[in-house]
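Peer 1: Mind having a look at this structure? Questions to follow.
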Ligand SMILES: [Fe+2]
Ligand SMILES: [Fe+2]
């Protein structure tokens, strides 16, 4: 049974003066140490935007990337996958990478010009560097009480995916980001811990999906990107209200949440909500 877990924020958009040796970068990576009593598990959730920042920060934080048990990728965008090749070179030997098969689909955005924002490597390059790609669209148990969500059901009317594009069967079309997923952890005695990448599916959709697949209603913590950067006031307010109703003990928004949304969430949730910074450790 899971006893506790410790998260270290390896890559994040903001740095604090207390940890001035760390690099800030638009991206996200979280190192998780899960303690099951006699067993433990080291899991890397996303890899930031570049190997340089990923490895520099991991070394400065004294994190052992050589003995990772598993790497999970939340989705295919470069700011979550960009450090993978560096991690694979450091890991030595083969390591399983759990992700949705669409992380390798073309990922594009249009503003201001058409730009490629997908993974900066191919499946073949990752496999040649030691990755064992575990393609999975559905929830997967990684350890007792620890699972990936797989594709997230989109039920909330106010949570829409906009601004991303892909190419399917020769057609340029909106990318609804089916590859977006989160980690859902049942922490006995405390409740559900949800760890997101960008939460492109919507942070409330993601939490509700995690509650459904784990069967755990009580929400303890939500940590990661909430993708509210550029969202209108209506969506930010609806998110804040829904989170208030879900009543989590800990909310740590970061990366693509955006300053405006973080302020609104702090207003709604008080001291329970604190933005993420690179180098933060969270003991749960
Ligand atoms: Fe992101
Ligand atoms: Fe993203």
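In the working numbering, the protein residues as written are 35 to 318. Virtual Cβ for every residue (Gly too), placed ideally from N, Cα, C. The model shown is predicted, which means the values in this text are computed figures rather than measured ones.
Can you tell me whether DSSP reads residue 96 as helix, strand or coil?
Peer 2: Taking the first residue of the chain shown as 1, we reach residue 96 at position 62. Reduced to three states, the DSSP call for residue 96 is coil.
Peer 1: Hey, residue 45 and residue 59 are a contact pair by Cβ (cut 8 Å); roughly how many whole angstroms apart?
Peer 2: Locating residue 45 in the chain shown gives position 11, counting from the first residue. Locating residue 59 in the chain shown gives position 25, counting from the first residue. Confirmed, Cβ separation roughly 6 Å.
Peer 1: Could you pull the start and end residues of the beta strand (DSSP E) that residue 254 belongs to?
Peer 2: Walking along the chain shown from the start, residue 254 turns up at place 220. First-last of the beta strand (DSSP E) with residue 254: 253-259.
Peer 1: Count Cβ pairs between the stretch 148-164 and the stretch 56-73 that sit closer than 8 Å; are there 3 or more?
Peer 2: The stretch 148-164 is not in contact with the stretch 56-73.
Peer 1: Tell me, which residues are paired with residue 279 by DSSP?
Peer 2: The sequence position of residue 279 within the chain shown is 245, counting from 1. Residue 279 is not bridged to any residue.
Peer 1: Which same chain residues, not among the five before or five after residue 262, have their C-beta less than 6 Å away from its C-beta?
Peer 2: The residue labelled residue 262 in the question sits at position 228 within the chain shown. Result list for residue 262: 270, 291, 292, 295, in chain order.
Peer 1: Taking C-beta to C-beta, are residue 186 and residue 236 nearer than 9 Å?
Peer 2: Here the question's residue 186 lines up with position 152 in the chain shown. Here the question's residue 236 lines up with position 202 in the chain shown. Yes; because the gap between Cβ atoms is below 9 Å, this pair is in contact.
Peer 1: Run the CB neighbour count on residue 119, radius 10 Å, all protein chains shown included, and call it buried at 16 or more, exposed below.
Peer 2: Indexing the chain shown from 1 puts residue 119 at position 85. Residue 119 comes out buried.
Peer 1: My assumption, with CB atoms under 8 Å, is that residue 232 sits in contact with residue 182. Please give the rounded CB distance.
Peer 2: Translated into the one-based positions of the chain shown, residue 232 becomes position 198. Translated into the one-based positions of the chain shown, residue 182 becomes position 148. Rounded, the Cβ-Cβ distance is 15 Å, inconsistent with contact.
Peer 1: Between residue 116 and ligand 1, is the CB less than 8 Å from at least one heavy atom?
Peer 2: The residue you call residue 116 lines up with position 82 of the chain shown. False, no ligand heavy atom lies under 8 Å from that Cβ.
Peer 1: Check whether the stretch 82-94 touches the stretch 125-134, taking contact to mean three or more Cβ pairs, one atom from each stretch, closer than 8 Å.
Peer 2: No, the stretch 82-94 does not touch the stretch 125-134.
Peer 1: Taking 5 Å as the limit, tell me which residues put their C-beta closer than that to any heavy atom of ligand 1, in chain order.
Peer 2: Selection output, chain order preserved: 113, 232, 290.
Peer 1: Given the structure, does residue 60 come close to ligand 2, in the sense that its CB is under 8 Å from one of the ligand's heavy atoms?
Peer 2: Position 26 of the chain shown, counted from the first residue, corresponds to residue 60. No.
Peer 1: Please return the same chain residues whose Cβ sits closer than 7 Å to the Cβ of residue 95, not counting the five positions on each side in sequence.
Peer 2: For this step, residue 95 is matched to residue 61 along the chain shown. Answer for residue 95: 42, 44, 313, listed in chain order.
Peer 1: Are there 16 or more other CB atoms within 10 angstroms of the CB of residue 35, so buried, or fewer, so exposed?
Peer 2: Residue numbering aside, residue 35 sits at position 1 when the chain shown is read from its first letter. Per the 10 Å Cβ criterion, exposed.
Peer 1: Between which two residues does the alpha helix (DSSP H) holding residue 113 run?
Peer 2: Looking up residue 113 in the chain shown gives position 79. Residue 113 -> alpha helix (DSSP H) spans 112-115.
Peer 1: Under 6 Å Cβ to Cβ from residue 56, same chain only, skipping five residues before and after it: list those, please.
Peer 2: Numbered from its first residue, the chain shown carries residue 56 at position 22. So the list reads 49, 91, 94, 312, 313, once near-sequence residues are dropped.
Peer 1: For residue 82, verify whether its CB is less than 8 Å away from any heavy atom of ligand 2.
Peer 2: The residue you call residue 82 lines up with position 48 of the chain shown. For ligand 2, not one heavy atom lies less than 8 Å from the Cβ of residue 82.
Peer 1: Please list the terminal residues of the continuous beta strand (DSSP E) segment that includes residue 69.
Peer 2: As a position in the chain shown, residue 69 is number 35, starting the count at 1. Looking at the DSSP string, the run of the beta strand (DSSP E) that includes residue 69 is 63-69.
Peer 1: With DSSP collapsed to three states, give me the class of residue 135.
Peer 2: On the chain shown, position 101 is the one that residue 135 refers to. Of the three classes helix, strand and coil, the one that applies to residue 135 here is helix, per DSSP.
Peer 1: Distance, Cα to Cα, residue 281 vs residue 191?
Peer 2: Here residue 281 corresponds to residue number 247 of the chain shown, with the count starting at 1. Here residue 191 corresponds to residue number 157 of the chain shown, with the count starting at 1. One C-alpha to the other measures close to 21 Å.
Peer 1: Would DSSP call residue 245 helix, strand or coil?
Peer 2: As a first step, residue 245 must be located in the chain shown, where it is residue number 211. The answer is helix: DSSP assigns residue 245 an H, G or I state.
Peer 1: Suppose only complete runs of 4+ residues qualify. What are the alpha helix (DSSP H) ranges in the stretch 151-228, listed by chain order?
Peer 2: Segments of the alpha helix (DSSP H) lying fully in the stretch 151-228: 157-162.
Peer 1: On the criterion of 16 or more Cβ atoms from any shown chain inside 10 Å, does residue 250 qualify as buried, or is it exposed?
Peer 2: Indexing the chain shown from 1 puts residue 250 at position 216. Result: buried.
Peer 1: If contacts are defined as beta-carbon pairs under 8 Å, then residue 225 and residue 252 qualify, I think. What distance do you get, rounded to the angstrom?
Peer 2: Within the chain shown, numbered from 1, the residue matching residue 225 stands at position 191. Within the chain shown, numbered from 1, the residue matching residue 252 stands at position 218. Yes, they are in contact, since the Cβ atoms of residue 225 and residue 252 sit about 4 Å apart, within 8 Å.
Peer 1: Would you mind working out which of 139, 245, 188 sits nearest residue 209, comparing C-alpha positions?
Peer 2: Within the chain shown, the letter at position 175 stands for residue 209. Residue 209 has its Cα closest to that of 139, out of 139, 245, 188.
Peer 1: Using only the alpha-carbon positions, how far apart do residue 306 and residue 117 sit?
Peer 2: For the purposes of this step, residue 306 is identified with residue 272 of the chain shown, where counting begins at 1. For the purposes of this step, residue 117 is identified with residue 83 of the chain shown, where counting begins at 1. Cα-Cα distance, rounded: 31 Å.
Peer 1: Pick out whichever of 248, 230, 266, 278 has its Cα sitting closest to the Cα of residue 310.
Peer 2: By 1-based counting over the chain shown, the position of residue 310 is 276. Closest option to residue 310, Cα to Cα, is 230.
Peer 1: Distance, Cα to Cα, residue 201 vs residue 151?
Peer 2: On the chain shown, position 167 is the one that residue 201 refers to. On the chain shown, position 117 is the one that residue 151 refers to. Those two C-alpha atoms are separated by around 13 Å.
Peer 1: Return the residue from the list 206, 189, 184, 288 that minimises the CA-CA distance to residue 242.
Peer 2: Counting from one through the chain shown, the residue named residue 242 turns up at place 208. Selected option, being the one with the closest Cα: 189.
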